[in-house]
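S.K.: Supplied in structure tokens, the structure appears directly below.
Protein chains: 2
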Amino acid sequence: MSPKPLILNLFEMNCVGHITHGLWRLPGNNRHRYTDVSYWTELARLAEDGGFTAIFLADVVGAYDTYGGSAEAALREGLQIPNNDPMLVVPAMAAVTERLSFGITFSTSYEPPFAFARRMSTLDHLTGGRVGWNIVTSYLPNAARNFGLAEEIEHDRRYEIADEYLEVLYKLWEGSWDEDAVVRDVEGNLYSDPTKVHRIDHAGANFSVAGPHLSEPSPQRTPTLILATASPAGAVRAGQNAELVFTHGPLLEKTAPAVRAAAEEAGRDPQEPKFIVQAAVITGRTQQEVDEKLAQYHAHRSTEGLLVHQSVPIRALEHPRERTIAEALEVEGLPADTPVGRRGTQETVGDLLAAVDEAWHDRFFVAGTPEAVADAIEHWLDVDGIDGINLRQYHSFDTVRDFAELISPILRRRGRLPERSGTMRRQLTGHDRLPTEHPATRFRGAFAGVGV
Amino acid sequence: MSPKPLILNLFEMNCVGHITHGLWRLPGNNRHRYTDVSYWTELARLAEDGGFTAIFLADVVGAYDTYGGSAEAALREGLQIPNNDPMLVVPAMAAVTERLSFGITFSTSYEPPFAFARRMSTLDHLTGGRVGWNIVTSYLPNAARNFGLAEEIEHDRRYEIADEYLEVLYKLWEGSWDEDAVVRDVEGNLYSDPTKVHRIDHAGANFSVAGPHLSEPSPQRTPTLILATASPAGAVRAGQNAELVFTHGPLLEKTAPAVRAAAEEAGRDPQEPKFIVQAAVITGRTQQEVDEKLAQYHAHRSTEGLLVHQSVPIRALEHPRERTIAEALEVEGLPADTPVGRRGTQETVGDLLAAVDEAWHDRFFVAGTPEAVADAIEHWLDVDGIDGINLRQYHSFDTVRDFAELISPILRRRGRLPERSGTMRRQLTGHDRLPTEHPATRFRGAFAGVGV
């Protein structure tokens, strides 16, 4: 039996400070170059050469303004503000790569589905099918106020909207154009056969969308579906829809069975969803080099950045989110009675610190020489049972370059990074289109009697 | 006095059939490659080498379904359907060019301004300021039905919404971040100075947007403002806002004075708006080559494509739009009593044909050898008084290659295509930011007392 391959994603965001608070200040870090197109083309080339599966782009459409009652600390830290649109860096990266895929975070809560459907189809065309959608419903209160709402849409209601949003998209992507609608008959002056294109005439509680879809069928039609979740409602939606589930390492044992059960309930193969976790790797040519990097990263970490970042999602997810090693580390050195400042809690830094020892043993963090790191990753795959990782970037481009130069050659030798090509879905599952068991495919042929 | 320079834009759309109906069938035409990223990078390199100012991307967010009562003919013709999103081809083109700019059509009628503001700021960053926004309000009835509306928003109401849409964008682009808000102080762990970033707290009849803007100040802040207009209401908005006005050649004498008067009324320099028209050039190394191309283009034209295309905008603009030579030519050969099929009119093809003789003498069409074409373009600049053209593409890439290889060298020698670099606004006006007389700049510093 061939060894289980690693899904290797680079975790990114179109901003200075994504999840490694304070580390934009590391010597030689290029994060402030996120506004330059050359940052993205350089990153994409490094990732592709290093055997990465995808660049996974997070996003928020508001500022973190819970901590301290304003976005001031977020701005000081560069903590996900300023930020730019994630979709727009993908075409530039696609133009300089051939195999690398791109996961794009986009929320179902604020923008019309018709426009988003065309944008994703456009990206699927431009990338040759190397694109995935990370489905989120958003959680920042400020985001709601940027889109005309007085406050966040309540959690269950957000998910109801998301369900209908997905239905509209599936209708446009899978049902509006028949597979063979584009004819390109020069002699007959027939580009598309109009009998094979259909309105969707969707009229639901939240959306009315006539169609037809504007884009012709793209390599994957529906982009590879990713869902990041840590909540029970999220696990249900992931089971119904997701091909790739991004979950917190410590929650894997809770999330995976819930997702698989929901998948089975929805008529899917329960083994179809693959699981990725956020992981962190610090490596070097020698143990001394590893130790120096670790020390340098610790010295630049920002406690306040962590607190700004943690204060919102913990409240929003409505359960104590286990934190990763690096996040926990960053609170060291603060007085234990410093309030964390989460709305509605009396939590102190001391409470966070109580998790530090445990966090040091986070399963998905490893600092070590290349062989040790490769061993750890194989353990994650074979013992912990994950299918892949979103690699946290401490330093751009050291993190990706270190992995590409030092870890990837070992993983290749061990059969963990097989050569992959084609669409994102083909690289993950062996086929370009959603399997017929996926609920989205119920709209294939569903509008056969509907004109344009 | 140095000769008046030519603003030279290539008129494009992310689709097969933009405005040259039937010509996707020309031998060697690459239009069906619009879904490939390499189509756009190849086009952009050709245009930049040929001294083009910008690639000007049209867009629609619905199908032409007036002619014949459905979108069937539009689909057969590939007439602006299928189409893909225009913004997403820009980053790929930006990555392979240094001076070429990009004009992007986007409607103020259907999508939230907050998301659009970030997308344009992102593009302004990624292109180094080489981006303009062609402000439209949309006119296709099908577009409205794709965005939850039962029918088109009525004309005056669309413009009221557009006015507020622009106000929100100007607040985000010009007012939310002070010029020196981004500090990048490594020692002080200060990326942005939060006292220099502000919410906009916009609360109007159509939009509520809290802010702050998510993007840091980009090279132009507000992208170069373009407005395509042929209506009186459009001329007023163009005078108030536009730096570049795209109008129909035959309407130039009516539109330009109206725009300049509105500019003056708004406190702007009435000479500031520049005027571009759609123009068509057919050239070759010999007159015989020119004649052969002309004959070949005529032989491939599609009358039905013209009718599908014309049936909606004429009705929507509520005045008889003068048509260009190529459009008028394409109706030759039809029985004169064939109904055009515009809703609410009894117009026949004969009525359209009546304009053909006049259209043959359209001021902004020329078929000739390179010197003759260059002479005609100089005449347009110096006698007709335009500032530039959107060049109609008959054939991709022959049209752009012919112009680059045969016409541009002559125009360069005559001082009509000076070397330009920097942001789109700098290339057009000599400065990167909007001048203080522009109404958008009233929001600079306007939120000084407002926090985040």
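Protein chains in written order, with this note's numbering: chain A, 1 to 452; chain B, 1001 to 1452.
Think of the CB as a built atom: it goes at the ideal place given N, C-alpha and C, for glycine as much as any other residue.
Would you mind telling me which residues of chain A sit closer than 8 Å to residue 1077 of chain B, beta carbon to beta carbon, in chain order?
M.R.: Neighbours of residue 1077 of chain B on chain A, chain order: 189, 191.
S.K.: Since residue 1089 of chain B contacts residue 1123 of chain B with CB under 8 Å, what's their CB separation in whole angstroms?
M.R.: That pair is no contact at about 11 Å.
S.K.: Taking C-beta to C-beta, are residue 1396 of chain B and residue 1099 of chain B nearer than 7 Å?
M.R.: Going by C-beta atoms, residue 1396 of chain B is not nearer than 7 Å to residue 1099 of chain B.
S.K.: For residue 265 of chain A, which residues of its own chain have a beta-carbon under 6 Å away from its beta-carbon, when the five flanking residues on both sides are left out?
M.R.: The answer is none, since no qualifying residue turns up.
S.K.: Determine whether the Cβ of residue 83 of chain A lies closer than 7 Å to any Cβ atom of chain B.
M.R.: Yes - at least one Cβ of chain B is within 7 Å of the one on residue 83 of chain A.
S.K.: Name the residues in the region 1046-1070 of chain B whose C-beta lies less than 9 Å from a C-beta of chain A; which are they?
M.R.: Residues 1060, 1061, 1062, 1063, 1065, 1070.
S.K.: What does residue 1211 of chain B reach in chain A if we use C-beta pairs closer than 8 Å?
M.R.: Residues of chain A passing the Cβ test: 146.
S.K.: Just curious, the alpha helix (DSSP H) that residue 114 of chain A is in, first and last residue?
M.R.: Residue 114 of chain A -> alpha helix (DSSP H) spans 113-126.
S.K.: With a 10 Å radius around its C-beta and 16 neighbouring C-beta atoms as the bar for buried, classify residue 2 of chain A as buried or exposed.
M.R.: Exposed, since its Cβ has fewer than 16 Cβ neighbours within 10 Å.
S.K.: Distance cutoff 7 Å, beta carbons only. Does residue 1327 of chain B sit that close to anything in chain A?
M.R.: With a pLDDT of only 44 at residue 1327 of chain B, under the threshold of 50, the placement of this residue in the model should not be trusted, and no figure is reported.
S.K.: Within a Cβ cutoff of 6 Å, which residues of the same chain sit near residue 1178 of chain B, ignoring the five residues on either side of it in sequence?
M.R.: Taken in chain order, the residues that qualify are 1196.
S.K.: Any beta-carbon of chain A closer than 7 Å to the one on residue 987 of chain B?
M.R.: Here chain B comprises residues numbered 1001 to 1452, so residue 987 of chain B is not present and cannot be evaluated.
S.K.: Taking the alpha carbon of residue 400 of chain A as the point to measure from, which residue in A:54, A:189, A:154 has its own alpha carbon closest?
M.R.: Cα-wise, what sits closest to residue 400 of chain A is A:54.
S.K.: Is there a C-beta anywhere in chain B that falls below 7 Å from the one on residue 41 of chain A?
M.R.: Judged by the 7 Å Cβ criterion, residue 41 of chain A is in contact with chain B.
S.K.: Beta-carbon separation of residue 468 of chain A and residue 126 of chain A under 7 Å?
M.R.: Past the boundaries of the shown model lies residue 468 of chain A; chain A is included only from 1 to 452, so the question cannot be answered.
S.K.: Using the beta-carbon count (16 or more within 10 Å), is residue 1452 of chain B buried or exposed?
M.R.: So residue 1452 of chain B ends up on the buried side.
S.K.: Looking only at C-alpha atoms, which of B:1007, B:1133, B:1164, B:1011 sits nearest to residue 1224 of chain B?
M.R.: Closest by alpha carbon: B:1133.
S.K.: From residue 408 of chain A to residue 253 of chain A, what distance separates their C-alpha atoms?
M.R.: Roughly 27 Å between the two C-alpha positions.
S.K.: At a CB-CB cut-off below 8 Å, which residues of chain B make contact with residue 207 of chain A?
M.R.: By Cβ distance, chain B contributes 1148.
S.K.: Just to confirm the assignment, what range does the alpha helix (DSSP H) spanning residue 1191 of chain B have?
M.R.: Looking at the DSSP string, residue 1191 of chain B is not in any alpha helix (DSSP H); the run it does join, the beta strand (DSSP E), is 1190-1192.
S.K.: Check whether chain B comes within 7 Å of residue 95 of chain A, counting only Cβ atoms and requiring the distance to be less than that.
M.R.: By this cut-off, residue 95 of chain A is an interface position.
S.K.: Would you mind reading off the limits of the beta strand (DSSP E) that contains residue 183 of chain A?
M.R.: It spans 182-185 - the beta strand (DSSP E) in which residue 183 of chain A sits, taken as one unbroken run.
S.K.: Taking 7 Å as the threshold (beta carbon to beta carbon), is residue 1035 of chain B in contact with chain A?
M.R.: Residue 1035 of chain B counts as touching chain A.
S.K.: State the CB to CB distance for the pair residue 1067 of chain B and residue 1080 of chain B, rounded to an integer number of angstroms; the pair is presumed to be in contact (CB under 8 Å).
M.R.: So it is not a contact: roughly 12 Å between Cβ atoms.
S.K.: List, in order along the chain, the chain B residues whose C-beta lies closer than 7 Å to that of residue 32 of chain A?
M.R.: Those within 7 Å of residue 32 of chain A in chain B are 1184.
S.K.: List the residues of chain A that residue 1022 of chain B touches, going by C-beta distances under 8 Å, in chain order.
M.R.: Here the neighbours are 189.
S.K.: Give the interface partners of residue 464 of chain A over in chain B, defined as CB-CB distance under 8 Å, in chain order.
M.R.: Residue 464 of chain A cannot be examined here, being either before or after the span of chain A that is shown, 1 to 452.
S.K.: What does residue 1123 of chain B touch in chain A if you count any residue whose Cβ is under 7 Å from its own?
M.R.: 88, listed in chain order.
S.K.: Which partner residues does residue 13 of chain A have in the DSSP bridge list?
M.R.: A:58, per the DSSP bridge assignment.
S.K.: Out of A:117, A:25, A:206, A:242, which has the shortest C-alpha to C-alpha gap to residue 305 of chain A?
M.R.: It is A:25.
S.K.: What does a CB cutoff of less than 7 Å around residue 209 of chain A pick up in its chain, not counting 5 residues either side in sequence?
M.R.: Counting only Cβ-Cβ distances below 7 Å, and skipping sequence neighbours, we find 113, 114, 168, 200, 202.
S.K.: For residue 437 of chain A, name the three-state secondary structure that DSSP assigns.
M.R.: Here residue 437 of chain A sits in coil by DSSP.
S.K.: Check whether the Cβ of residue 452 of chain A lies closer than 7 Å to any Cβ atom in chain B.
M.R.: So, interface residue.
S.K.: Go ahead and pull the three-state DSSP assignment for residue 90 of chain A.
M.R.: Helix at residue 90 of chain A.
S.K.: Run down chain B in chain order and give the residues with a C-beta less than 7 Å from the C-beta of residue 176 of chain A.
M.R.: Those do not exist, as residue 176 of chain A stays about 10 Å from chain B at its closest Cβ, beyond 7 Å.
S.K.: Is the Cβ of residue 194 of chain A closer than 7 Å to any Cβ of chain B?
M.R.: Yes, residue 194 of chain A counts as interfacial toward chain B.
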